[in-house]
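Undergrad:
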Amino acid sequence: MASGDLERRIGKRKPFGTREEAALLNLVRTADRVQSTVSRLLKEHGLTPAQYNVLRILRGLAAPTPILEIAERMLTETPGITGLIDRLEKLEFVKRKRCEEDRRVIYVVLDAKAETVLGGLDAPMKELQARIFKGLTQAELTTLTSLLDRVREPLEGP
169 MASGDLERRI
179 GKRKPFGTRE
189 EAALLNLVRT
199 ADRVQSTVSR
209 LLKEHGLTPA
219 QYNVLRILRG
229 LAAPTPILEI
239 AERMLTETPG
249 ITGLIDRLEK
259 LEFVKRKRCE
269 EDRRVIYVVL
279 DAKAETVLGG
289 LDAPMKELQA
299 RIFKGLTQAE
309 LTTLTSLLDR
319 VREPLEGP
């Protein structure tokens, strides 16, 4: 039904049964390739994608942030957010601070070491993004983003 480069690359003898199947498998393959490429860059800087995500969240908010808020803002599902924060704390990228008003709430604060690592990643990450999307125009990037939002919407809660 739907044909394309993926069929050839994976050695599929018959066309995909539906356009949805072709789209899903293309999305999975593309996400895997992008994630692998990003992971290699981050590994060079001593980070995992989840750690990088936490650090970017904290840098973007520029304020002490409750652990649960970080978990809600993560790009990927991260069931072990406390362990992730533990590892970042051991690397001296973040510090924990207990809320004075409610001792049950723990804030996470970005450390100067993390700021340095993030600053060193900004240019390489922009270069990587440019390389990944070099075949797309600005209008196509806007369309791609919109389409991905629409695909993801029914899979996410309110």
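Its first residue numbered 169, the sequence shown is counted upward by one per residue in this note's numbering.
All C-beta atoms, glycine included, are put in the ideal place defined by N, C-alpha and C.
Every value quoted in this text rests on a predicted model; they were computed, and no experiment measured them.
Between the region 218-237 and the region 277-287, do three or more beta carbon pairs fall short of 8 Å?
TA: The answer is yes - the region 277-287 touches the region 218-237, with three or more Cβ pairs under 8 Å.
Undergrad: Just reading off the alpha helix (DSSP H) that L252 is part of, what are its end residues?
TA: Element bounds for L252: I249 to K258.
Undergrad: List in chain order: all unbroken alpha helix (DSSP H) runs of 4+ residues lying wholly within the region 194-265.
TA: Whole alpha helix (DSSP H) segments, 4+ residues: 217-229, 235-241 and 249-258.
Undergrad: Would you say R266 and I253 are within 8 Å of each other, going by their C-beta atoms?
TA: No; because the gap between Cβ atoms is not below 8 Å, this pair is not in contact.
Undergrad: Taking the C-alpha atoms as reference points, what is the distance between P292 and Q306?
TA: Rounded to whole angstroms, P292 to Q306 spans 20 Å at the Cα level.
Undergrad: Beta carbon of V262, beta carbon of A282: below 8 Å?
TA: For V262 and A282, yes; Cβs fall inside 8 Å.
Undergrad: Evaluate contact between the region 240-247 and the region 183-195, counting only Cβ atoms and requiring at least three cross-stretch pairs below 8 Å.
TA: At 8 Å Cβ cutoff, the stretches do not touch.
Undergrad: Output yes or no for whether 8 Å exceeds the beta carbon distance between G172 and A190.
TA: Going by C-beta atoms, G172 is nearer than 8 Å to A190.
Undergrad: Alpha carbon to alpha carbon, how far is K182 from R241? Give it in angstroms, no decimals.
TA: Near 41 Å, if we compare the C-alpha coordinates of K182 and R241.
Undergrad: Would you list the residues sitting across from V277 in a DSSP beta bridge?
TA: Answer by DSSP bridge pairing, in chain order: K263.
Undergrad: Whose CA, out of T284, L174, E188 and E260, lies closest to the CA of V319?
TA: If we check each option's Cα against that of V319, E188 comes out closest.
Undergrad: In angstroms, rounded to a whole number, what distance separates the CA positions of G251 and I225?
TA: C-alpha separation (whole angstroms): 17 Å.
Undergrad: Only counting the same chain, and skipping five residues up and downstream in sequence, which positions put a Cβ closer than 6 Å to that of A218?
TA: Answer for A218: T246 and L252, listed in chain order.
Undergrad: What is the rounded straight-line gap between the Cα of T186 and the Cα of L174?
TA: C-alpha separation (whole angstroms): 14 Å.
Undergrad: Between the beta-carbon of L296 and the beta-carbon of V206, is there less than 8 Å?
TA: Yes, the Cβ-Cβ distance between L296 and V206 is below 8 Å.
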